[in-house]
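The structure appears right after this line, and notes come after that.
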Amino acid sequence: MTTIALEKDLVTSLMNKAVAAQKDYESFDQKAVDNIVKEVAFRLRDHSVALAKLAQEETGFGNATDKTTKNLFASEVLYNSIKNIKTVGIIEELEEKKMLKVAVPMGVVAALIPSTNPTSTTIYKSLLALKTRNAIILSPHPKALSAISETVKIIQSVLVDLDAPTDLVQVITEPSLEGTQALMSHPQTALILATGGEAMVRAAYSSGNPAIGVGPGNTPVLIEKSANINQAVSRIVSSKTFDNGTICASEQSLVIEELIKEDVLKELQTQDVYLMNKEESEKVGAFIMRENGAMNPEIVGKPAIAIAELSGITVPETTKILISEQTEISKENPYSREKLSPILALFTVKDTEEGIATCEALLRNEGAGHTAMIHSENDEIVREFGIRIPASRILVNTLAALGAIGGTTNLNPSLTLGCGSVGGSSLSENVHVAQLLNTNYVAYGVRD
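Heads up: the sequence shown begins at 1 in the working numbering, then just goes up one per residue.
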């Protein structure tokens with residue numbers, strides 16, 4: 001039997017069990033569903049530290065402290081945002097329009113889980129599936145298989161305790177490209193939640209099944225002349241170093257007005273950001289990007305000091321972020337693209353108009369539709385920025401990494417961030433409960 005045929009058989013076995021479990025679960029009432037979601041969330045919360053340590057040790061990305069925060073975000077914060085949402089039966093009565101809205105589960109969700117945020121993404125996608133009475137099959141990144149599998153075991157233990165179908169949440173235990181493709185193209189896959197590399201997201205959309213995929217981030221940050229510089233830099237440093245930059249919405253390029261450049265640089269250096277010279281920038285740049293133009297996985301989630309050492313440069317031991325002054329925006333310049341690590345580019349502009357144009361150019365180069373950031377005390381400029389920038393999340397005076405996912409903003413808590421059509425995505429929202437439900441409309445006649 002060929003590898004492809006074997007993978008299809010394995011996926012079919014998982015799918016058959018998932019379909020049966022989902023059909024059973026579909027009969028559960030709102031109270032039972034809510035209790036399952038609550039108990040799963042609480043159990044995962046209690047294991048957040050252990051799962052974070054496991055994820056960090058297995059992947060080598062980020063740090064356990066920040067991964068714990070992400071696990072708590074995916075369990076506590078997400079749970080609090082969904083616990084009171086109706087997802088069973090008639091969920092809304094529109095008396096004036098003489099219409100009823102009925103929630104209907106989709107079926108079996110195929111979920112791709114990345115190595116950068118393995119346990120938190122598993123928690124997030126599983127809770128959404130359970131809340132919406134869907135089953136879910138997880139396709140894990142091979143580098144994070146143990147951490148993802150352990151998270152699933154914890155979820156299944158709660159399902160057993162509550163007499164719920166255990167096969168509602170399953171994981172492919174021998175991950176492979178063929179297995180993932182078989183899962184995405186399976187005729188009984190109702191929806192694909194694709195969080196991962198650009199190639200995998202494209203494969204999800206070409207699978208023949210409904211898909212929600214998200215592209216790369218490349219968040220530009222405009223520091224406008226009215227900004228509180230100390231506050232802005234502090235937020236940028238906190239955000240960019242969070243889990244060593246593994247959240248795709250984290251800041252990638254600073255765009256600074258010339259008038260305040262000296263003050264911003266001084267504040268960056270005060271907060272342990274190392275400004276590289278031309279030679280150092282070239283060495284780090286050569287390490288960031290492989291010859292084929294792809295990001296070097298060796299930089300992902302590593303501390304700034306480790307990246308400096310691997311690149312062959314020497315920096316102070318207190319260095320939190322490496323920053324490089326740049327002028328070129330292109331696919332060939334790694335500094336103007338996504339860097340899932342504590343590395344920033346710095347672009348100097350003469351005024352706000354050039355700053356907005358530079359942020360737009362950075363997003364058009366990579367990351368269109370994802371996230372952009374502005375630090376400003378001028379509401380008129382904020383509005384202009386919001387109108388012109390091609391990003392689904394345009395954040396103001398916050399931490400980009402945590403603001404985009406709804407941690408420091410009122411956006412829906414989410415670890416799958418739609419990029420809209422400009423970013424090759426089917427939606428522009430933060431994926432939440434509504435995106436995992438079908439809605440049937442009961443409409444009375446009101447006109448002859």
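Ideal Cβ positions, reconstructed from N, Cα and C, are used throughout, including at glycine.
Practice task
Note down, in chain order, each residue of its chain lying with its Cβ closer than 7 Å to the Cβ of Ala52, except the 5 sequence neighbours on either side.
Solution key: Contacts found: Ala64, Lys67, Thr68, Asn71, Thr119.
Practice task
Compute the minimum distance between the beta carbon of Ala18 and the heavy atoms of the ligand NAD, and state whether it is under 6 Å.
Solution key: This structure lacks the ligand NAD, and indeed carries no ligand of any kind.
Handout entry: the segment 217-236 in contact with the segment 371-391 per 3-pair CB rule at 8 Å
Key = At 8 Å Cβ cutoff, the stretches touch.
Practice task
Mind the definition here: the segment 71-90 touches the segment 257-276 only if three or more C-beta pairs lie below 8 Å; say whether that holds.
Solution key: Segment contact: the segment 71-90 against the segment 257-276, fewer than three CB-CB distances shorter than 8 Å; contact not assigned.
Handout entry: alpha helix (DSSP H) runs wholly inside the segment 76-102, at least 4 long, in chain order
Key = If you keep only unbroken alpha helix (DSSP H) runs of at least 4 residues inside the segment 76-102, you get 78-82.
Problem - CA nearest to the CA of Leu415, picked from Leu222, Ile123, Ala294 - result: With distances taken between CA atoms, Leu415 lies nearest to Ile123 out of Leu222, Ile123, Ala294.
Exercise for the section: Starting from Pro140, trace the beta strand (DSSP E) both ways and give me its first and last residue. Expected result: First-last of the beta strand (DSSP E) with Pro140: 135-140.
Handout entry: Every unbroken beta strand (DSSP E) inside the segment 257-337 [3 residues or more]
Key = You should have 273-275, 321-325.
Problem - Sequence-distant residues of its chain with Cβ nearer than 6 Å to Ala308 (five each side left out) - result: In the same chain as Ala308, and ignoring 5 residues on each side of it, the C-beta atoms closer than 6 Å to its own belong to Val315, in chain order.
Practice task
Kindly list the residues whose CB is nearer than 6 Å to the CB of Val104, restricted to its own chain and excluding five residues on each side of it in sequence; keep chain order.
Solution key: Once the five neighbours on either side are set aside, the close Cβ partners of Val104 are Asn438, Asn440.
Handout entry: Inter-residue spacing [alpha-carbon to alpha-carbon] between Asp167 and Val108
Key = Distance between the alpha carbons of Asp167 and Val108: 11 Å.
Problem - Pairwise C-alpha distance: Leu44 and Val169 - result: Taking the straight line joining both Cα atoms gives about 14 Å.
Practice task
State the Cα-Cα distance for the pair Ala345 and Glu280, rounded to the nearest angstrom.
Solution key: Cα-Cα distance, rounded: 13 Å.
Exercise for the section: Determine the contact status of Ile288 and Ile299, defining contact as a CB-CB distance below 7 Å. Expected result: Here Ile288 is near Ile299, since their CB atoms are less than 7 Å apart.
Handout entry: Local conformation of Thr132 per DSSP, three classes
Key = Correct three-state label for Thr132: coil.
Handout entry: Cβ pair Leu78, Pro413 closer than 7 Å
Key = For Leu78 and Pro413, yes; Cβs fall inside 7 Å.
Problem - Backbone secondary structure at Ile229 - three-state DSSP - result: Helix at Ile229.
Exercise for the section: Determine the direct distance from the alpha carbon of Leu128 to that of Thr319, and round the result to whole angstroms. Expected result: Their backbone Cα atoms lie some 39 Å apart in a straight line.
Practice task
Inspect the beta-carbon positions of Gly369 and Val422 and report whether they are closer than 7 Å.
Solution key: In this structure, Val422 lies closer than 7 Å to Gly369 by Cβ.
Handout entry: Among Thr358, Thr409, Glu366, the one whose alpha carbon lies nearest that of Arg388
Key = Considering only alpha carbons, the answer is Thr358.
Practice task
Identify which residue in Gly89, Ala203, Asp351, Glu58 has its Cα closest to the Cα of Ala110.
Solution key: Shortest Cα-Cα distance from Ala110 to any of Gly89, Ala203, Asp351, Glu58 involves Ala203.
Practice task
Answer with buried or exposed for Ala391, where buried requires no fewer than 16 other C-beta atoms within 10 angstroms of its C-beta.
Solution key: It is buried - the Cβ of Ala391 has at least 16 other Cβ atoms within 10 Å.
Problem - Inside the segment 35-60 only - alpha helix (DSSP H) runs reaching at least 4 residues - result: You should have 48-59.
Handout entry: Residue from Gly424, Ala144, Glu325 whose Cα sits closest to the Cα of Val201
Key = With distances taken between Cα atoms, Val201 lies closest to Gly424.
Handout entry: Asn218 (DSSP reduced to helix, strand or coil)
Key = In the displayed model, Asn218 falls within coil according to three-state DSSP, outside both helix and strand.
Problem - For Lys101 and Leu94, the rounded distance between their alpha carbons - result: It is roughly 8 Å from the alpha-carbon of Leu94 to the alpha-carbon of Lys101.
Practice task
Return the first residue and the last residue of the alpha helix (DSSP H) that Gly386 is part of.
Solution key: First-last of the alpha helix (DSSP H) with Gly386: 379-388.
Handout entry: Supposed contact pair Lys131 and Val37 - C-beta distance, whole angstroms, cut 8 Å
Key = Going by Cβ atoms, the distance from Val37 to Lys131 rounds to 5 Å, so yes, they are a contact pair.
Exercise for the section: Would you list the one or two residues that DSSP bridges to Phe458? Expected result: Any question about residue 458 goes unanswered here, given that the chain covers just 1 to 448.
Practice task
Tell me whether Gln170 sits in a helix, a strand or coil according to DSSP, three-state version.
Solution key: Correct three-state label for Gln170: strand.
Practice task
Report yes if the C-beta distance between Asn218 and Gly62 is below 7 Å; otherwise report no.
Solution key: Contact annotation: Asn218 and Gly62 have beta-carbon atoms that are not nearer than 7 Å.
Handout entry: Sheet register partners of Asn440 (DSSP bridge)
Key = In the DSSP output, where bridge partners are listed per residue, Asn440 has Val102.
Practice task
Whole angstroms is fine: what's the gap from Asp29's alpha carbon to Val88's?
Solution key: A direct Cα-to-Cα measurement between Asp29 and Val88 gives close to 7 Å.
Practice task
Could you round the C-beta distance between Pro303 and Pro342 to whole angstroms and report it? I think they count as a contact, below 8 Å.
Solution key: 7 Å between Cβ atoms; contact.
Practice task
Express the C-alpha separation of Thr151 and Val49 in angstroms, rounding to a whole number.
Solution key: Roughly 12 Å between the two C-alpha positions.
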